[in-house]
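If you read the protein sequences in the order shown, they are chains A and B.
Under the numbering used here, the very last position in the first sequence is 237; numbers go up by exactly one each time.
Under the numbering used here, the very last position in the second sequence is 1237; numbers go up by exactly one each time.
All C-beta atoms in this analysis are idealised placements derived from N, C-alpha and C, irrespective of residue type, glycine included.
Here's the structure we're looking at; comments come further down.
Number of protein chains: 2
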Amino acid sequence: MMMAAATSRTRTQRRGPRRSPAPAPDSTRQALFAAAAREFARHGFAGASVDRIAAAARLNKAMIYYHFGSKGRLYAEILHDMFSAVGARVRAVADSNASAEDKVRQFVEAIAAEAEARPHFPPIWCREVADEGRHFGQDTGREVASIVGTLKRMIDEGVRAGVFVPAPHMLVHVGLIGPLLLFFASTPLRARLSRAGVRGAAELNRDQVVGHIQNVTLGVLRGMTAGAGRKAKSRSV
Amino acid sequence: MMMAAATSRTRTQRRGPRRSPAPAPDSTRQALFAAAAREFARHGFAGASVDRIAAAARLNKAMIYYHFGSKGRLYAEILHDMFSAVGARVRAVADSNASAEDKVRQFVEAIAAEAEARPHFPPIWCREVADEGRHFGQDTGREVASIVGTLKRMIDEGVRAGVFVPAPHMLVHVGLIGPLLLFFASTPLRARLSRAGVRGAAELNRDQVVGHIQNVTLGVLRGMTAGAGRKAKSRSV
DNA sequence: GTCTATAAATAGATAGAC
DNA sequence: GTCTATCTATTTATAGAC
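The following block contains the structure:
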């Protein structure tokens, strides 16, 4: 599941039983995929080196071109693996018969779980935001669109059921993904700051953050936002 | 103010009146600084090219080494300019005699304002999170620590005044910075997605987002979090 | 201060042996 | 499928003329 995209062959499609000694092409592909994910997470697409990827996988860089065609296609495959995993998971939640509130909670949990399953996911996501989605293929773009659309469906469902007030779904989306992404992506940075003497920087734990985001998001959707004080504008849909 | 760091000379410290025709070193420095900020925002530190920076500034790259010493020191200067601007501004807010609630509102507003004043700020910030603060100098690290500490002071002040409930300040910080950073950094990406047919992706506006984050943050600090339903853990400080 | 020319290292990608 | 060797372009950085 995690390496779904990595196991789909792009070139020599060869199914069925093998002849004899038989090499292990998939394990090579997977080793390159895993090493590339780490390299891209650490250095970004432009900063990543195919030499270092090959070396980390204990292979040579010609294999990258044999199995993936180019640095760009290897990166695109990693992106697609990330977002299609999240997309599949949140669509499954949306199609379940849970309440709208539980669906939103599980939407948050799903993203957290997929981010944790792939240490490269949060940093690459950050970099791709800064890169303006420059390396998204059509397929990855569709996945991202589907994820956003799925949250919108959940909100609409809750509104129809009378448990949510109407809210701009992109505002809810940004309010939910922002802290989630920042929390996961900044863990190494916060550890650094903590070692450098910033008290409390590393004192966040996963359950605390996920639970907090779930509660805050549901508070917003229930119309409990403390619009209080000044400038309590009515919210437009 | 915006280019504060860019006007401080690192090498040939030469004050006082000049002899005759007189060149304009600061404008060269500033042109390089501005071109570099754009380049680093677009391509990241590793992906940025000193050749392109020089070309964009209509100069040659030898000037970068003359005025800044290296690509890394130029980048570090841009980082320091960003975070010291935010730091100075939020410390001014903290030292004012506004209420704790207004200070928190202005904390959010200050970050938004400084991010808007520098289009390169949000993308570079995203990239630096992914880079684990690898390019932070000691000075920049101290600024970041000061910003976090300043929010903590505001929260503590509100708790002492009886208007806030105790809350882990890093949780509040991530909950506030996350959406703010994602909103600003993802504007180009959301415009792309919008053009590609994702309805609503580009329909967020600055005031709406900032106001929302202010309200949600104050809701949390007032203890109005809809801890509802299951798992309503009591919040530990 | 500003420039041209260039050094020295590394990048992505390919050819061709096995 | 996997490897070594190599091509070409680009990288950061510097030397030295003006």
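Boundaries (first-last residue) of the alpha helix (DSSP H) holding B:P1166: Element bounds for B:P1166: n/a, residue is neither H nor E.
Can you confirm whether B:N1097, when its beta carbon is compared against all beta carbons of chain A, has any partner nearer than 8 Å? no
Would you call the stretch 1126–1140 of chain B and the stretch 1079–1094 of chain B touching, i.e. three or more CB-CB distances under 8 Å? yes
So for A:R58, helix, strand or coil by DSSP? In the structure shown, A:R58 falls within a coil segment according to DSSP collapsed to helix, strand and coil.
Where A:F183 meets chain B, residues with beta-carbon distance less than 8 Å: Result: V1174 and G1178.
Same chain, Cβ closer than 6 Å to B:A1035, neighbours up to 5 away in sequence not counted: I1053, A1056 and A1057
Using beta carbons (cut-off 8 Å, strictly below), is A:E143 in contact with chain B? no
Applying the 10 Å Cβ sphere with the 16-neighbour rule, what's the burial state of B:A1100? buried
Out of A:S96, A:T28, A:E116 and A:V104, point me to the one whose CA is closest to A:I64's CA. Sorting A:S96, A:T28, A:E116 and A:V104 by C-alpha distance to the C-alpha of A:I64 places A:T28 at the top.
Span separating the alpha-carbon of B:V1093 from that of B:F1107: Each residue's CA atom was taken as its position, placing B:V1093 and B:F1107 some 7 Å apart.
Contact set between B:V1129 and chain A, taken where Cβ atoms lie within less than 8 Å: P123, C126, L182, A185, S186 and L189
For the stretch 139–163 of chain A, which residues have a beta carbon sitting closer than 7 Å to at least one beta carbon of chain B? For the stretch 139–163 of chain A, the residues whose beta carbon sits under 7 Å from a beta carbon of chain B are, in order, G141, V144, A145 and V148.
Say whether the stretch 1110–1118 of chain B touches the stretch 1160–1174 of chain B, bearing in mind that this needs 3 or more beta-carbon pairs closer than 8 Å, one atom from each stretch. no
Would you say the stretch 1118–1127 of chain B touches the stretch 1041–1048 of chain B, given that touching needs at least three Cβ pairs under 8 Å? yes
For A:A201, which three-state DSSP category applies? If DSSP states are grouped into helix, strand and coil, A:A201 belongs with coil.
Can you list, in chain order, the residues of its chain with a C-beta nearer than 6 Å to that of A:E39? Leave out the 5 residues immediately preceding and following it. A48, R52 and I53
Can you find the residues in the same chain that come closer than 7 Å, C-beta to C-beta, to A:I155, ignoring five residues on each side of it along the sequence? F164, A167, H169, V172 and L221
Out of A:V210, A:V159 and A:G223, which has the shortest C-alpha to C-alpha gap to A:R105? A:V210
If you reduce the DSSP assignment to three classes, tell me which class B:P1119 lands in. Correct three-state label for B:P1119: coil.
Proximal residues of chain A, C-beta to C-beta of B:E1109 below 7 Å: Those do not exist, as B:E1109 stays about 11 Å from chain A at its closest Cβ, beyond 7 Å.
Cut-off 6 Å between Cβ atoms - residues of its own chain near B:L1193, not counting five sequence neighbours on either side: Around B:L1193: A1201.
Would you mind telling me which residues of chain A sit closer than 9 Å to B:H1120, beta carbon to beta carbon, in chain order? Chain A residues near B:H1120: none, gap ~10 Å exceeds 9 Å.
For A:V50, go through chain B and note every residue whose CB falls closer than 7 Å to its CB, in chain order. Per Cβ cutoff of 7 Å: no residues; A:V50 is ~14 Å from chain B at best.
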